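So the protein sequences, as listed, match chains C and F.
Count along the first sequence from 1, then add 79; that gives the number in my numbering.
Count along the second sequence from 1, then add 1000; that gives the number in my numbering.
A quick write-up on the structure given underneath.
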Amino acid sequence: MFYIHCPYCGEHREEEEFHPKGQAHIERPKDPEACSDEEWGDYLFFRDNPRGVHHELWVHAVGCRKFFNVTRHTVTYEILETYKMGEQPRITAESLASQQTQGNVQVASGGQQTVGATNAAAPSVKGEQV
Amino acid sequence: MSQSKKQANRLAKGGRIDRSRTLSFTFNGQSYQGHPGDTLASALLANGVDIVNRSFKYSRPRGIVAAGAEEPNAIVQLGSTEAGQVPNVRATQQALFAGLTARSTNGWPNVQRDMMGLVGKVGGKFMPPGFYYKTFMAPASMWMTYEKYIRKSAGLGRSPMEVDPDTYDHLHQHCDVLVVGGGAAGLAAALAAARSGARVIVADEQEDMGGSLLDSRETLDGKPADQWVAQVLEELAGCENVTLLPRTTANGYHDHNFVTLHERRTEHLSETAPLVNGHRPVRSRMHRVRAGQVILATGAHERPLVYAGNDVPGNLLAGAVSTYIRRYGVAPGNKLVLSTSNDYGYRAALDWKEAGREVVAIVDARQAPAGDWVEAARAQGIKVITGSAVIEAKGGSRVSAARVAKIDIDTFKVIGQAETLACDTIASSGGYSPVIHLASHTGARPTWRDDLLGFVPNLVKGVQACGGANGTYDLGEVLAEGVEAGVKAAAATGHAAPAVSLPQAKTLEQGPAAPLFQVPHEKPTLRAPKQFVDLQNDVTAAGIELATREGFESIEHVKRYTAMGFGTDQGKLGNINGMAIAARCLGRSIPEVGTTVFRPNYTPVTFGAIVGRHCRDLFDPERYTALHQWHVEHGAEFEDVGQWKRPWYFPQTINGKKETMHEAVARECLAVREKIGILDASTLGKIDIQGPDAREFLNRIYTNKWMKLDVGRVRYGLMCKDDGMLMDDGTTSCLGENHFLMTTTTGGAAGVLEWLELWHQTEWPELQVYFTSVTDHWATMTITGPEARKLLAEITDIDLDRDTFKFMDWRAGKVAGVPARVFRISFTGELAYEINVQANYAMHVWKTLFEHGDKYGLTPYGTETMHVLRAEKGFIIAGQDSDGSVTPEDLGMQWAVGYDKPFSWVGKRALSRSDTRRTDRKQLVGLKPKDPKVVLEEGAQIVFDPKHAIPMPMAGHVTSSYYSPTLDSGFALGVVKGGHNKLGETVYLPMADGQTHEAEIVSPIFYDPKGERQNV
């Protein structure tokens, strides 16, 4: 069960208080009528499924009822950061990869050192926003 | 029955047991005695009970092998009463109490003489891995039958058939440092963390904390190690920031340092929790711990050697032999042969000798073992046979001899003649495997270390392993590692730990071990007597070899094919040996073959602890409306709608006979159509929407138009997902220029609110609009029927004139003297008023309505009548007549779709996709059974051609179906491919019983098609 930091409440809360709402940063096309069927189908149905860093939308359903974003590693399930709607992630697959090539294993801002090798699984860059 | 037998194997002294008190217990109907401090296993061994079970597949006699959680054989069923039955208990973990009653889980008619045993002996060769799958595969339909008998003879224990008298709790805990394991490493870590002031929880699965220190030969500061344990526990017990949890198993290690601890509080005292002052205390607790830092000090399990006949009772782990002698004062035999690949095993021989029993020989796989331990054994005059191993145990119900031969580990061969040594006990040690179960629950793959011949855990964030769990076995190093882990964990949670001075450990130097897993036999593995790898699942070395020959190369596949490490065993004894054998057969190294990982739970957990208080009435919250008590008092039958309890129908007693549901619903329906009925509709979801952009928001989220809805008006709206499929419906009323009240389906309320917030917060944050759930604040009472206006007029100040308070209007005013909103909307097709008042006033208003309503024939009705009435009118229920693949047009509701609205509202674009334009989509129609007595089954499949060969093409299904007392006929709504253009055509509904019903496709509006009755 995840332990999730709500960026609006400023606290870690149990996963039971939240609902996952799928991939983050999926923007509805500004002019839906201008989309081809295929483009509209992509927006509706197609989502990334990366092995590694993933940005997700969650809602603090039995808390402040705010939607926010979570950057989560899909292998270790580590939550690397949470951030408010309208903000951009500070940690991405790319930023993590370049940090690691510099030999820096300090992943998140949480202050905890990564122990062991599993976190070092290089997150796949493939599968990010097509 | 005779007085219980003597404890023949009980030593005269030693052990942590209380010889001054005797406890009687029964095992398989026989009564025995033991002492406080015993486990069931140590007491059985003390009484010379060799056979404790029959094996799972081959039904071979099995004895106790281990002394802890890793025990594969001594799995018993506890309980002297039906309600007290507990399956899956390891005798090695069950403290003895007076009156304990246990049985073997396998073996029929009993473990001594077992019918299946013959199969195991004679037919063993014919039961290779996959035997059941291969033999009982065809016909597939018979598998259920075969399985029943296979399971019966296998016997996996059983659950009680009566209600559990015990209660169980869940506790939610937060701590800085959770220490799992109260042995040397865990206690050292806990001490360091505790002194820092951090909040510490220490969980240990055993009766007493101390782990291996409780039976250690080693001393700390020159004193027996358990004295240091007592001293540390005393200090920890005195710390306010420390919680000590003995008899508590960490079962599962979940995400983000969430660990579940199963604390058994009374299972060491009696079968069900003993009464204390007339109260039954909680039997066990599940602690759901969110820990800042976790320290895994789970120790290591000894690995047995795999040799022929290694399952005959009398084959034990070397470490277990030491534990039984030193901790429980039991020598489980008289003549010992020890087969070892390492120095650790020597302790068993030394302890055996000191217990006054005969050590026939130590058989050491190493060519030239030397060092402290070997010298200590030789100094005791114990014969050490080198470069050799026990290749086979002889004996039936108990070991009678060991066949010992020189072996070559590299070529996997026996060299020269085997010699037979008479003995009754064989202890074996192949070294230790760190207990990495919890670490692997996190998904982290362990790492093989050649120097240890074992896997050590890889760790995720916020966790450390120390001591045996980390592959560190020297006591001094273990303690130091524990302290270091404790200091680091405390520091990570912001607590500085002062120095901890450690006692001086006096230990003997350990020499290197030989990499021995399976012992070679003169015959090849496939023809040698059975060499067991996983005793609990009856997996042999030959089985693994066969699996690799049949092409299973991945260790995960080998595991699944052979069942190695399955079930409650979770590979505690056998996994590493199995991998080593697979590696040998595949010509690879162990790290190349890799390891399977382990799952929660580490040891079995009773369902009571998992469920806690969340059972019976507390399983799920129940929601009541403000009028619930009235419904109860008036005999309502209730229906669950989500968490709500809604009146289903109100059966009356007429002429001394209580109505059936059919009779009650018919009466309620006619009351509404002819006079007046009343429904408690309070459960409808209600969302208060305010803000200058509220109207624009509604315009975007609903399919229909909202710009021109005036204050005082109500509109029915459809809500789609962006894929164009209907998600919910309901009415929305304009309360003020910037103020609306939206209603949703009862079940959809929470989902719709979240849906509105999703769009507002993620797509249109610029819109000024606010949503508030007011479902519980307002009670809703619907009065409907021809007399509705007359009744309401008696108790309201609102002008009910039909031309000023029109259909789809709402008015504020007073009803029964309290402020109310009255909505003139109808879900029955009759004249109807939905009266909304603050929930606290509801009962007063409801009762006032009845005071005035009796003379009009006011009849309460429930959800069943509501359904019949709405279906007669073709009104849909979102989620019943639609299912996530149905568009507004499929429902024939184009009239509620504003194609020309300027904003491309949610769902619009999808309605012009080629798929949503198909004319053969399933469309909502009415279905009139040809035989009016037939009420079609909801969910029944519809076909166009009942003579079509099976499989028939499905053309749709029935979504709603009832008997209509008004029409005196069955009728239904359903979806049919291209149904809108098939009015008047006949469709067929083939049923499971072979009948085929016929129905005509008709308009979904069965009653008052022009809607005149609601407009009066």
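For glycine and all other residues, C-beta sits at the position ideal for the given N, C-alpha and C.
A quick note: this is a predicted structure, and the numbers were derived from the prediction, not measured.
Taking Cβ positions only, does residue i come closer than 8 Å to chain B?
{"i": "E1757(F)", "result": "Here chain B cannot be found, since the structure's protein chains are C and F."}
Are residue i and residue j close, meaning C-beta to C-beta below 8 Å?
{"i": "I1415(F)", "j": "I1407(F)", "result": "yes"}
{"i": "A1069(F)", "j": "M1286(F)", "result": "no"}
{"i": "I1544(F)", "j": "V1558(F)", "result": "yes"}
{"i": "N1310(F)", "j": "A1393(F)", "result": "yes"}
{"i": "T1744(F)", "j": "V1752(F)", "result": "yes"}
{"i": "Q1077(F)", "j": "A1102(F)", "result": "yes"}
{"i": "V1177(F)", "j": "V1200(F)", "result": "yes"}
{"i": "P1165(F)", "j": "E1207(F)", "result": "no"}
{"i": "P1434(F)", "j": "A1580(F)", "result": "no"}
{"i": "N1537(F)", "j": "F1517(F)", "result": "no"}
{"i": "A1297(F)", "j": "V1179(F)", "result": "yes"}
{"i": "S1428(F)", "j": "L1305(F)", "result": "yes"}
{"i": "G1345(F)", "j": "C1175(F)", "result": "no"}
{"i": "H1262(F)", "j": "A1095(F)", "result": "no"}
{"i": "T1784(F)", "j": "V1672(F)", "result": "yes"}
{"i": "A1041(F)", "j": "A1091(F)", "result": "yes"}
{"i": "V1533(F)", "j": "T1525(F)", "result": "no"}
{"i": "G1431(F)", "j": "N1342(F)", "result": "yes"}
By a C-beta neighbour count over all protein chains shown, 10 Å radius and 16 as the cutoff for buried, is residue i buried or exposed?
{"i": "D1693(F)", "result": "buried"}
{"i": "K1645(F)", "result": "buried"}
{"i": "S1159(F)", "result": "exposed"}
{"i": "Y1032(F)", "result": "buried"}
{"i": "N1840(F)", "result": "exposed"}
{"i": "R1549(F)", "result": "exposed"}
{"i": "G1984(F)", "result": "exposed"}
{"i": "W1168(F)", "result": "With the sequence shown as reference, residue 1168(F) is identified as Tyr, and Trp is not the correct amino acid for it. Result: buried."}
{"i": "Q1504(F)", "result": "exposed"}
{"i": "P1498(F)", "result": "exposed"}
{"i": "Y1602(F)", "result": "buried"}
Checking contacts by CB at 8 Å: is residue i closer than that to chain F?
{"i": "E112(C)", "result": "yes"}
{"i": "L123(C)", "result": "yes"}
{"i": "R107(C)", "result": "yes"}
{"i": "W137(C)", "result": "no"}
{"i": "T153(C)", "result": "no"}
{"i": "D146(C)", "result": "The question names Asp, but residue 146(C) in the sequence shown is Phe. Yes, its Cβ sits closer than 8 Å to a Cβ of chain F."}
{"i": "Y82(C)", "result": "yes"}
Report all residues from its chain with a CB closer than 6 Å to the CB of residue i; omit the five preceding and five following residues, and keep chain order.
{"i": "V204(C)", "result": "Its pLDDT being 34, under 50, V204(C) is placed unreliably in this model, and the value from its coordinates should be taken loosely. Contacts found: A172."}
{"i": "M1661(F)", "result": "Y1649"}
{"i": "D2008(F)", "result": "G1829"}
Only counting the same chain, and skipping five residues up and downstream in sequence, which positions put a Cβ closer than 7 Å to that of residue i?
{"i": "T1425(F)", "result": "G1314, L1316, P1332, G1333, K1335, L1336, V1399"}
{"i": "F1027(F)", "result": "L1044, V1049, A1102"}
Any beta-carbon of chain C closer than 8 Å to the one on residue i?
{"i": "V1460(F)", "result": "yes"}
{"i": "Q1690(F)", "result": "no"}
{"i": "D1900(F)", "result": "no"}
{"i": "E1998(F)", "result": "no"}
{"i": "P1929(F)", "result": "no"}
{"i": "H1287(F)", "result": "no"}
{"i": "H1844(F)", "result": "no"}
Short of 8 Å in beta carbon distance, which residues of its chain neighbour residue i, apart from the five on each side in sequence? Order them along the chain.
{"i": "A1361(F)", "result": "V1337, L1338, I1382, K1383, V1384, I1385, V1404, L1421"}
{"i": "F1771(F)", "result": "I1687, D1688, I1689, L1753, L1756, E1757, H1760"}
{"i": "A1237(F)", "result": "L1244"}
query: So does the region 1719-1733 of chain F actually touch the region 1920-1928 of chain F, counting three or more Cβ pairs closer than 8 Å?
result: no
- prompt: Three or more beta-carbon pairs under 8 Å between the region 1661-1681 of chain F and the region 1708-1724 of chain F, yes or no?
  reply: no
Touching by the beta-carbon criterion (3+ pairs, under 8 Å), the region 1728-1738 of chain F and the region 1930-1942 of chain F: no
- request: Determine, using beta-carbon pairs with one atom in the region 1252-1261 of chain F and one in the region 1587-1598 of chain F, whether at least three such pairs fall under 8 Å.
  value: no
query: When the Cβ atoms of the region 1949-1968 of chain F are set against those of the region 1859-1874 of chain F, are three or more pairs found closer than 8 Å?
result: yes
message: Across the region 1321-1330 of chain F and the region 1010-1024 of chain F, are there enough close Cβ pairs to call them in contact, namely three or more that are closer than 8 Å?
response: yes
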